[in-house]
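J.: Take the sequence shown: its letter number 28 is residue 27 in numbering that gives the first Met the number 0, and every next letter is one higher. The C-beta atom is built at its ideal place from N, Cα and C for all residues, glycine as well. Encoded as structure tokens, here's the structure I'll be asking about.
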Amino acid sequence: MKYFAGMPYPKYLILLFAAIGCVLTCRAQSAQDIDSLEAVYRRLPDDTVKAKTLYDLAYTLVQSDPEAAMQRTHDLMRLSFKVNFPKGRAMALDVQGNIFRMQGKYMDAVSRHFEALHIYDSLGFRNGYRNVLVNTGSDYTYLKNYPKAIEFFNRALALSDTGDYIRQVIIYNNIGNAYIMQGLYDSALKVYQKALPHAEKDKSRSYASVLYSSLSIAYAGKGDFKNAITYMEQALVDMLILDNKNAYAGSASTLGGYYIEVKNYRKAEYYLEAAYKVAKELKAKSIIANYYRNKAHLLSRMGKYSEAYPVLEQYLALNDSLVNEQHISQLAQAEANYNLESKNRELALLNADKALKESELRLQAQLRYGLLILLVAMATAIFFLYRNIQLKKQTNKNLEDANSLMQKENILAQYETLRNQVNPHFLFNSLNALSSLIKQNPDRAIEFAGIFSRLYRSVLDLKDHAVITLAEEMRLVDDYMYLQKIRFEEKLVLEKNIPAHLLQDYIPPFCIQMLIENAIKHNIISAEQKLEIKLYAEGNWLVVSNNLQPRQQKLESTGVGIKNITARFRIVHNVEPQFHVVNNEYVAKIPLIIPQE
């Protein structure tokens, strides 16, 4: 895609605006409002009114205290069973799904929302069914299954009332965001344009500002910075009126990037500094990092390379800090989950031990009566024998389940090891190239560092995925080839001929990039002997080929690349890739994983 060189596509903005889908049901209220709801809830008798109050309370707590919100959903579930209120169970499941999505447990979120959909469907409750369709679409957006997300959003749209223009804006915006995340900017623009007349009816301007921002990002994706600037400036006006500082800072920084592209450096600097001032006040690290990146790019464009380099270093340092914080947060969450599970297991063991001791005491008391209660003792013995048999059966079943779980965890551990082989290999090669460029061509080194930062962030984002779409892999390949073009210029040629309908198929991440990297590593690349790499499709296979012109002094190879790709395919697919030499060409055939309908 065409976007500012050295700058990543502003997906953080799209994810920020995608959160509008939760506006359908999530409500932010003050602590006083929460206390008021708590007081009302405690005074009410056990009936459907109390259940609805619990639902309101749970949704109010979702953003500020998800643990308390989850506890309220459990209370709501128990009360709904007690008063025979199935709609209340669906409400509880819907809230639980949203909490799981916030915690990154996307499949758990989908599971809860599917249960809620089933209950609402059986009750014929249209509004509840429609709202959960939107929430399920949001789950699939975070799972990066964008076609499925769009399917659920469209189903919700079909159930929306004609006069409910706010709801239609929300759903249209989510559909457009799903298209943007796939790089389908024309499709996104068509959807946003449908929503525009409805958004302009919004007197509060909150929905209009979000839609203007989304339109701006879509136009920027197409390289149409004139329209991108127009819509983003309209969005900023509304954000100032609404005093939405977080959205203003992120959007102003992005607008500064647009002005860099059209070479209006004065306005670029104005918006970047405005964004930085607000972001610093909010302590919004991700927006500050975006400011440093854009500022370095601006200074580079203005020829102020000595000023650009320290700003770029600030960006890299802050970006690394953000990545580390994210990893630490993930580890802390995993540790908390493990500790909770350990405590639950310990509590279960203590309860079992207590029950066993109580059982032994009862048996001893019965034996003291001797022959007088012989029949009772015999009946008790038979009961305990039967219970032991059932416990043994249950124990055997638990062992079988544990063995099955262990096998699955071993497979996941093998796959994690394979994925972790990719990262250092790519990092060290790129840093070596950057080191050479800093000495030879500082200007190109700054450009290289910006692209490398974006590419390495993509590596960190994608390495935890078992599979990604071919479209995502191609974006990674494009960035990687951009770096290599800085080194080899016209001596390195990449030809791509991939049908659009295959871009939604799946492969393990970095497969194509590793094959291209191997070709560059093991072949001569010069003005007289250009290295030509071709990507094309043969049925449900992607073919990667290059002309063979081996180096006279072969570089030491560990063989990790080919072995890694083959091993990962064995885990996620029933077809393995093929590698062979034909007519003085090295040919790799990668099987595409077709998504299930």
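Have a look at A278 and Q233 and give me their C-alpha separation to the nearest angstrom.
T.: If I take the Cα positions, the gap works out to 20 Å.
J.: Between the Cα of S213 and those of L239, I179, L183, M238, spot the shortest distance and give me the residue it belongs to.
T.: Looking at the Cα atoms, I179 is the closest of the given residues.
J.: Please report the residue range of the alpha helix (DSSP H) in which I515 lies.
T.: I515 -> alpha helix (DSSP H) spans 510–521.
J.: Should the stretch 268–285 be regarded as contacting the stretch 435–448, the criterion being three or more beta carbon pairs within less than 8 Å?
T.: Counting Cβ pairs under 8 Å, fewer than three are found: no touch.
J.: Looking only at its own chain, which residues have a Cβ that is under 7 Å from the Cβ of L317, when we skip the five neighbours before and after it?
T.: If we look at L317 and ignore the five residues flanking it on each side, its Cβ neighbours are K284, I287, A288, Y291.
J.: Please identify the residue among S320, Y479, N130, N172 whose C-alpha is closest to the C-alpha of Y455.
T.: The shortest C-alpha separation from Y455 is found at Y479.
J.: Report buried or exposed for N409, applying the criterion of at least 16 other Cβ atoms within 10 angstroms of its Cβ.
T.: Reliability fails at N409, whose pLDDT of 41 lies under 50, so the model's placement of it is uncertain and no value is given.
J.: Just list the alpha helix (DSSP H) runs in the stretch 234–265, keeping only unbroken ones of 4 residues or longer that don't cross its boundaries, in chain order.
T.: Segments of the alpha helix (DSSP H) lying fully in the stretch 234–265: 244–260.
J.: So N517 and L591 are supposed to be a Cβ contact under 8 Å. How far apart are they, rounded?
T.: Going by Cβ atoms, the distance from N517 to L591 rounds to 20 Å, so no, they are not a contact pair.
J.: Tell me where the alpha helix (DSSP H) around H117 begins and ends.
T.: 105–122 is the extent of the alpha helix (DSSP H) around H117.
J.: Spatial neighbours of I149 within its chain, please: CB distance less than 6 Å, with the 5 preceding and 5 following residues excluded, ordered by chain position.
T.: Cβ neighbours of I149 beyond the five flanking positions: I174, A177.
J.: What residue ranges within the stretch 420–469 form continuous alpha helix (DSSP H) runs of no fewer than 4 residues, ordered along the chain?
T.: List check, alpha helix (DSSP H) in window: 441–461.
J.: What is the rounded straight-line gap between the Cα of F152 and the Cα of N263?
T.: Between F152 and N263, the C-alpha separation is close to 39 Å.
J.: Tell me, please, which residues DSSP counts as bridged to A536.
T.: Answer by DSSP bridge pairing, in chain order: L541.
J.: State buried or exposed for M513, treating a residue as buried only when at least 16 other CB atoms are found within 10 Å of its CB.
T.: Classification for M513: buried.
J.: Let's see if you can read the secondary structure: which residues bound the alpha helix (DSSP H) around K588?
T.: Counting along the chain, K588 falls outside any alpha helix (DSSP H), though it belongs to the beta strand (DSSP E) covering 584–590.
J.: Tell me, please, which residues DSSP counts as bridged to Q577.
T.: Beta-bridge pairing links Q577 to K588.
J.: Is the beta carbon of N546 closer than 8 Å to that of E584?
T.: Yes, the Cβ-Cβ distance between E584 and N546 is below 8 Å.
J.: Let me know if K553 comes out buried or exposed under the rule of 16 or more other beta-carbons within 10 Å of its beta-carbon.
T.: Label assigned to K553: exposed.
J.: Apart from the five residues just before and just after E114, which ones in its own chain have a Cβ nearer than 7 Å to its Cβ?
T.: Closer than 7 Å at the Cβ level, and outside the excluded window around E114, lie L92.
J.: G103: buried (16+ other C-beta within 10 angstroms of its C-beta) or exposed?
T.: When all chains shown are included, G103 counts as exposed.
J.: Identify which residue in V61, S544, K462 has its Cα closest to the Cα of I506.
T.: Closest option to I506, Cα to Cα, is K462.
J.: Nearest-angstrom Cα distance between A444 and V571?
T.: Approximately 38 Å between the Cα atoms of the pair.
J.: Suppose you measure from the CA of E312 to the CA of K529; what does that come to, to the nearest Å?
T.: The alpha-carbon atoms of E312 and K529 are separated by roughly 35 Å.
J.: Do Y270 and A248 come within 8 Å of each other at the CB atom, strictly closer than that value?
T.: Cβ atoms of A248 and Y270: not closer than 8 Å.
J.: Since K495 is in the beta strand (DSSP E), which residue starts that stretch and which ends it?
T.: Counting along the chain, the beta strand (DSSP E) containing K495 begins and ends at 491–496.
J.: Taking only the alpha-carbon atoms, compute the straight-line gap between F447 and I532 and give it to the nearest angstrom.
T.: Roughly 21 Å separates the two Cα atoms.
J.: Quick check on I174: does DSSP put it in helix, strand or coil?
T.: DSSP places I174 in helix when its eight states are reduced to three.
J.: What residue range is occupied by the uninterrupted alpha helix (DSSP H) comprising H73?
T.: 65–81 is the extent of the alpha helix (DSSP H) around H73.
J.: Within a Cβ cutoff of 7 Å, which residues of the same chain sit near A57, ignoring the five residues on either side of it in sequence?
T.: Closer than 7 Å at the Cβ level, and outside the excluded window around A57, lie A68, R71, T72, L75, V94.
J.: If you follow the alpha helix (DSSP H) that K294 is part of, which residue opens it and which one closes it?
T.: Segment 284–300, the alpha helix (DSSP H) holding K294.
J.: Taking just the CA atoms, how far does N130 sit from Y54?
T.: Straight-line Cα distance between these residues: approximately 14 Å.
J.: How many angstroms separate the CA atom of R386 from the CA atom of K392?
T.: When rounded, the distance between both Cα atoms is 10 Å.
J.: Provide the residue span of the alpha helix (DSSP H) that contains V94, from first to last.
T.: Taken as a continuous stretch (DSSP letters only), the alpha helix (DSSP H) holding V94 covers 85–101.
J.: According to DSSP, is L271 helix, strand or coil?
T.: In this structure, L271 counts as helix in the three-state DSSP scheme.
J.: By Cβ distance, which residues of its chain are closer than 7 Å to E268, with the 5 residues on each side in sequence left out?
T.: Result list for E268: L297, in chain order.
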